[in-house]
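Asks:
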Amino acid sequence: MQFPHYLECKAIAAPVHSIEQTIHICVRSRGHIHGPTFYGSCSSITNRDSLHTADAQQLTTNAKNCLLQVSCVFEISVPGRNTTKFRKSKTMALNTWSYATRYIMKVIVPGYLRRVRHGNTTEERLLEYVKSTAVQGDAASVLSAVDKFKAEKEWMMHFQYEKRQKIDGVLKKTKPQNGLELGTYVGYSAIATSRHLSEGGHLISVEIDKKNASLAKQFIEFAGVSNQISIAVGKSSDIIPELRSKYSVDKLDYVFLDHWNSLFLPDLKLLKKHGLLRKGSVIVADNVLYPGSPDYLQYVENSGEFTTERFDCYVQFMRLQDAIAISVYNGD
Numbered sequence: 001m002q003f004p005h006y007l008e009c010k011a012i013a014a015p016v017h018s019i020e021q022t023i024h025i026c027v028r029s030r031g032h033i034h035g036p037t038f039y040g041s042c043s044s045i046t047n048r049d050s051l052h053t054a055d056a057q058q059l060t061t062n063a064k065n066c067l068l069q070v071s072c073v074f075e076i077s078v079p080g081r082n083t084t085k086f087r088k089s090k091t092m093a094l095n096t097w098s099y100a101t102r103y104i105m106k107v108i109v110p111g112y113l114r115r116v117r118h119g120n121t122t123e124e125r126l127l128e129y130v131k132s133t134a135v136q137g138d139a140a141s142v143l144s145a146v147d148k149f150k151a152e153k154e155w156m157m158h159f160q161y162e163k164r165q166k167i168d169g170v171l172k173k174t175k176p177q178n179g180l181e182l183g184t185y186v187g188y189s190a191i192a193t194s195r196h197l198s199e200g201g202h203l204i205s206v207e208i209d210k211k212n213a214s215l216a217k218q219f220i221e222f223a224g225v226s227n228q229i230s231i232a233v234g235k236s237s238d239i240i241p242e243l244r245s246k247y248s249v250d251k252l253d254y255v256f257l258d259h260w261n262s263l264f265l266p267d268l269k270l271l272k273k274h275g276l277l278r279k280g281s282v283i284v285a286d287n288v289l290y291p292g293s294p295d296y297l298q299y300v301e302n303s304g305e306f307t308t309e310r311f312d313c314y315v316q317f318m319r320l321q322d323a324i325a326i327s328v329y330n331g332d
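full-length UniProt numbering puts the sequence shown at residues 1 to 332.
Written as structure tokens, this is what we have:
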């Protein structure tokens, strides 16, 4: 049985120029919960735009499968501008509710505050940082700069180093001629993949968000690998049927699934339907445990069409168990 739980985060910000903010958190528990309702606060965003807060108190529950609805609502007032209100929501397992607090404090709130303060997005600031610190035309230098930005400057969605090492190992063995990536974001994993393509090899990276695709093209061009990567903008379900006719793809040697988890299985079946997989094609799927793709895992592990191994890892900064699934197609 599932019970609704709500976490409300409201921040009324002083003038952003001072970077003095106070974030008030109120957690209201509903349902059969054993444990205290938590009321807490954190304050003082430092000049590095980081937030500091005590670890949230743990709630225990007799309902293992409860869900937590995280709702973050906050207002930012800047002199000379209208007050801006933001709302963000996220659903996760109840036993990870304290991580939801951390997610809000480390990601959502600082991201919006920086956007108001600097007038651009994290991804745009990353591009500026890479262009000012990395060596143009050197893919390894660009990847290193992105790693450093994430570690020392701002948190962002990022391909973890442990995952990259594992997938690099797979790519070194596979040396794909034709590769497909679903979910480009800013192009980090595409650039990493390009270094392991066989001579004359090519990667098609599919991104539904036009702004992300535009930024990714700039990252890829700066890294000097634009001749090895093509970005296709649109829905994966629209682009996959066109891979043979529009992108001259016969069979795929390598596929990386890093878009919406709910699309992993439908898109894998679509690749099969259009005859784009060959015997030995390697399919790597990210985040198969968290947020999770149970239907995809069930299929690649039990259908008999794939030989699959899991590589255990953790969700960034949240220490939640996750995994990537590495599958080899046993078919045609």
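From the three backbone atoms N, C-alpha and C, an ideal C-beta is built for every residue, glycine too.
Report the rounded CA-to-CA distance for Glu309 versus Ile167, giving the unit in angstroms.
Replies: Between Glu309 and Ile167, the C-alpha separation is close to 12 Å.
Asks: Pairs of beta-carbons, one from the region 117 to 136 and one from the region 222 to 229, closer than 8 Å: are there three or more?
Replies: A contact exists between the region 117 to 136 and the region 222 to 229.
Asks: For Tyr254, which three-state DSSP category applies?
Replies: Three-state result, Tyr254: strand.
Asks: Have a look at Asn261 and Ala134 and give me their C-alpha separation to the nearest angstrom.
Replies: Between Asn261 and Ala134, the C-alpha separation is close to 32 Å.
Asks: For a quick check, are the C-beta atoms of Val288 and Phe256 less than 9 Å apart?
Replies: Going by C-beta atoms, Val288 is not nearer than 9 Å to Phe256.
Asks: I need the straight-line Cα distance from Pro176 to Arg125, nearest angstrom please.
Replies: Pro176 and Arg125: Cα-Cα distance of roughly 32 Å.
Asks: Which term fits Asn302, buried or exposed, when burial requires 16 or more other beta carbons within 10 angstroms of its beta carbon?
Replies: With fewer than 16 other Cβ atoms within 10 Å, it is exposed.
Asks: Entirely within the region 192 to 231 and at least 3 residues each: give me those beta strand (DSSP E) ranges in chain order.
Replies: Runs found: 202 to 207.
Asks: What does the Cβ neighbour count give for Gln228, buried or exposed, with the cut at 16 atoms within 10 Å?
Replies: Under this definition Gln228 is a buried residue.
Asks: Would you kindly work out how many angstroms separate the C-alpha atoms of Ser248 and Leu297, rounded to a whole number?
Replies: Rounded to whole angstroms, Ser248 to Leu297 spans 30 Å at the Cα level.
Asks: Verify whether the separation of the beta carbon atoms of Thr184 and Ala192 is less than 9 Å.
Replies: No, they are not a contact pair.
Asks: Residues bridged to residue 353 by DSSP?
Replies: Outside the displayed range of the chain (1 to 332) lies residue 353, so it cannot be described from this structure.
Asks: With respect to the alpha helix (DSSP H) encompassing Ile239, which residues constitute its N-terminal and C-terminal limits?
Replies: Its alpha helix (DSSP H) spans residues 236 to 239.
Asks: Rounded to whole angstroms, what's the CA-CA distance from Ser245 to Val233? Just pull it up for me.
Replies: Those two C-alpha atoms are separated by around 16 Å.
Asks: Could you please give the first and the last residue of the uninterrupted alpha helix (DSSP H) stretch that includes Gly169?
Replies: Residues 161 to 174.
Asks: Between which two residues does the beta strand (DSSP E) containing Ser132 stretch?
Replies: Taken as a continuous stretch (DSSP letters only), Ser132 belongs to no beta strand (DSSP E), being part of the alpha helix (DSSP H) at 122 to 133.
Asks: Identify every residue that forms a DSSP beta bridge with Tyr329.
Replies: Per DSSP, Phe306.
Asks: Once the 5 residues before and after Ala213 are set aside, which same chain residues still bring their CB inside 8 Å of it?
Replies: Within the same chain, Ala213 has close Cβ partners Thr184, Glu207, Ile231, Val233.
Asks: Is the beta carbon of His202 closer than 9 Å to that of Asn178?
Replies: Result yes, Cβ atoms of Asn178 and His202 sit closer than 9 Å.
Asks: So, at 7 Å on beta carbons, what are the nonlocal neighbours of Ala323 in its own chain, with the 5 sequence-adjacent residues on each side left out?
Replies: Correct list, in chain order: Val288, Leu289, Arg310, Phe311, Asp312, Cys313.
Asks: Out of Gln321, Ile204, Asp147, Val142, point me to the one whose CA is closest to Lys251's CA.
Replies: The shortest C-alpha separation from Lys251 is found at Ile204.
Asks: Using only alpha-carbon positions, find the residue among Lys173, Thr121, Lys172 that is nearest to Trp155.
Replies: Nearest of Lys173, Thr121, Lys172 to Trp155, Cα basis: Thr121.
Asks: Report all residues from its chain with a CB closer than 8 Å to the CB of Ser144; omit the five preceding and five following residues, and keep chain order.
Replies: These residues qualify, in order along the chain: Ala134.
Asks: For Ala190, list the residues DSSP reports as bridge partners.
Replies: None, per the DSSP bridge assignment.
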